[in-house]
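K.L.:
Starting off with a structure, shown below.
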Amino acid sequence: MRNLIPRDHRNGIKKNNSEKFKDAIPDFEKSYAFFKKYEWIDKYRFITLLSSSKMSYREMALANIGFCYSQIGNGIKSKEYYERTLKEFPESGLAKSALNMINAMEKNAPQQNL
Numbered sequence: 006m007r008n009l010i011p012r013d014h015r016n017g018i019k020k021n022n023s024e025k026f027k028d029a030i031p032d033f034e035k036s037y038a039f040f041k042k043y044e045w046i047d048k049y050r051f052i053t054l055l056s057s058s059k060m061s062y063r064e065m066a067l068a069n070i071g072f073c074y075s076q077i078g079n080g081i082k083s084k085e086y087y088e089r090t091l092k093e094f095p096e097s098g099l100a101k102s103a104l105n106m107i108n109a110m111e112k113n114a115p116q117q118n119l
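Structural data, given as structure tokens:
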């Protein structure tokens, strides 16, 4: 179960590491959808998946989608996903930091599509 359930998440990470950011987005979307449907698996991931990560798979999926969009030059979608991450996970330090960086870049270059 540990290897099967987070398969889409792992595939997305592999594609990110290979800089295939556009290809990674659907994997993270599938991972998010699975863990949204089966929230109990994510909530008890320490037991169900032997994962000690503080971040849930849903939070990681949304933040990773935001990251992927930033890497392919779609600042608008990136910001949307980081905002969505914060809406669902208000304490997400990763999403807060990413949004702070995006907002700072927007102030310095308002005419560019980040």
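Counting from 6, one number per residue, gives the positions in the sequence shown under the numbering used here. Cβ atoms here follow ideal geometry from the backbone N, Cα and C, with glycine treated the same way. Everything numeric in this text was worked out from a predicted model, so none of it was measured.
#1: Tell me which same chain residues have a C-beta within less than 6 angstroms of the C-beta of residue 33, skipping the five on either side of it?
#2: Any idea what DSSP makes of residue 108, helix, strand or coil?
#3: In whole angstroms, what is the alpha-carbon distance linking residue 82 and residue 105?
#4: Taking residue 11 as the reference, which of 85, 38, 28 and 113 has the closest Cα?
#5: Here's a check: name, in chain order, each residue in its chain whose Cβ is nearer than 7 angstroms to the Cβ of residue 89, leaving out the five neighbours to either side.
#6: Helix, strand or coil for residue 16 per DSSP?
#7: Could you work out which residue in 31, 62 and 30 is closest to residue 40 when comparing CA atoms only?
#8: Alpha carbons only, please: which of 84, 14 and 27 is nearest the one belonging to residue 99?
P.N.:
Once the coordinates are examined:
#1: Along the sequence shown, read from residue 1 onward, the residue named residue 33 stands at position 28. Here the set comprises 17, 66, 69 and 70.
#2: Locating residue 108 in the sequence shown gives position 103, counting from the first residue. In the structure shown, residue 108 sits in a helix (DSSP, three-state: H, G or I).
#3: Within the sequence shown, the letter at position 77 stands for residue 82. Within the sequence shown, the letter at position 100 stands for residue 105. So the two alpha carbons sit approximately 15 angstroms from each other.
#4: Translated into positions along the sequence shown, residue 11 becomes position 6. If we check each option's Cα against that of residue 11, 38 comes out closest.
#5: Stepping through the sequence shown from its first residue, residue 89 is reached at position 84. Result list for residue 89: 67, in chain order.
#6: As a working note, residue 16 is residue 11 in the sequence shown. Three-state DSSP puts residue 16 in a helix.
#7: To locate residue 40, count along the sequence shown from 1; it is residue 35. It is 62 whose Cα lies nearest to the Cα of residue 40.
#8: Counting from one through the sequence shown, the residue named residue 99 turns up at place 94. It is 84 whose Cα lies nearest to the Cα of residue 99.
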